[in-house]
Amino acid sequence: MKKLALILGICSVIAACSNSETKSTDNTSAGADQAATAQQSNVDTNVNNIGTSSTGTTGAELIKKSDCLSCHKEDVKLLGPAYQDVAAKYPATEENIELLAGKIIKGGSGNWGDIPMAPHPTISENDAKEMVKYILSLKK
Ligand code: HEC
């Protein structure tokens, strides 16, 4: 019984201490906000990761957001080859995905005609690969 009283005593001291700590620091709520914001951005990143690993929807979206569609269509040749023709030419192997991702980033020419493929140095290798995976998935 004495022990219990002692434990309760210690508990109330700890409670009193932590209470006064909370009151004395007005910054606590700002800190909590920051933590919440940090957590929020973690969540966003995870959501993006989930999208990227799924079945190529993100590749299609990346292509829509970039300038690709001004020179490429899925089924018709514009300035560049139709994506279905690219898919027919290259089997979706890891090697070809890397090769074509490199072409998207650095540009290239001579595979489909005299017009060169525009380089896209701001596109990350990962995004370029997602685009290629989508393009190669269009094979009929
Ligand atoms: C200015 C016009 C233009 C734009 C913009 C463009 N392309 Fe191209 N693309 C071409 C041309 C032209 C070729 C054919 C190049 C060749 O003959 O090697 C090509 C070829 C390709 C190829 C096949 C490469 C090969 O070696 O067979 C892929 C894949 C491709 N483009 C993807 C993309 C993607 C993805 C984007 C957007 C990020 C894009 N292109 C933007 C004109 C363009």
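So the numbering used here is basically just the index in the sequence shown, starting at one, shifted up by 7.
Where is the CB? At the ideal position from N, CA and C, for every residue including glycine.
Predicted model only: the values in this text are computed from it and were never measured.
* Using DSSP bridges, identify the partner residues of LYS72. => Here the question's residue 72 lines up with position 65 in the sequence shown. BP columns for LYS72 are empty, so no partner.
* To do: Tell me, please, whether the CB atom of LEU86 is closer than 9 Å to any CB atom in chain C?
  => Note that chain C does not occur in the displayed structure, where there is just one protein chain.
* Asked: Does the Cβ-Cβ distance between ILE112 and ALA94 come in under 9 Å?
  -> Here the question's residue 112 lines up with position 105 in the sequence shown. Here the question's residue 94 lines up with position 87 in the sequence shown. No; because the gap between Cβ atoms is not below 9 Å, this pair is not in contact.
* Below 7 Å CB to CB, which residues in the same chain sit around SER131 once its five sequence neighbours on both sides are set aside? => As a working note, residue 131 is residue 124 in the sequence shown. Result list for SER131: empty, nothing under 7 Å.
* Just to confirm, does ASP74 get its C-beta within under 8 Å of one of the non-hydrogen atoms of the ligand ZN? -> Of the ligands one can find in the structure shown, namely the ligand HEC, none is the ligand ZN.
* Do SER144 and GLY66 have their CB atoms nearer than 9 Å? -> For the purposes of this step, residue 144 is taken as the residue at position 137 of the sequence shown. For the purposes of this step, residue 66 is taken as the residue at position 59 of the sequence shown. Yes, these two residues count as a Cβ contact at 9 Å.
* Asked: Under a Cβ-count criterion, where at least 16 other Cβ atoms within 10 Å of its own Cβ denotes burial, should LEU107 be classed as buried or exposed?
  -> By 1-based counting over the sequence shown, the position of residue 107 is 100. Per the 10 Å Cβ criterion, buried.
* Following the continuous alpha helix (DSSP H) through GLY114, name the residue where it begins and the one where it ends. => Here the question's residue 114 lines up with position 107 in the sequence shown. First-last for GLY114: undefined, no H or E at that position.
* Return yes when the Cβ of ASP92 is within less than 9 Å of the Cβ of ALA125, no when it is not. => Residue 125 sits at position 118 when you count from the first residue of the sequence shown. Residue 92 sits at position 85 when you count from the first residue of the sequence shown. Not in contact: ALA125 and ASP92 (Cβ atoms no closer than 9 Å).
* Residues that DSSP places opposite HIS127 in a beta bridge -> The count along the sequence shown starts at 1 and reaches residue 127 at position 120. Paired residues: none, contrary to the question.
* **Buried versus exposed call for VAL83 [16 or more other C-beta atoms within 10 Å across all chains shown]** => Taking the first residue of the sequence shown as 1, we reach residue 83 at position 76. Exposed is the call here.
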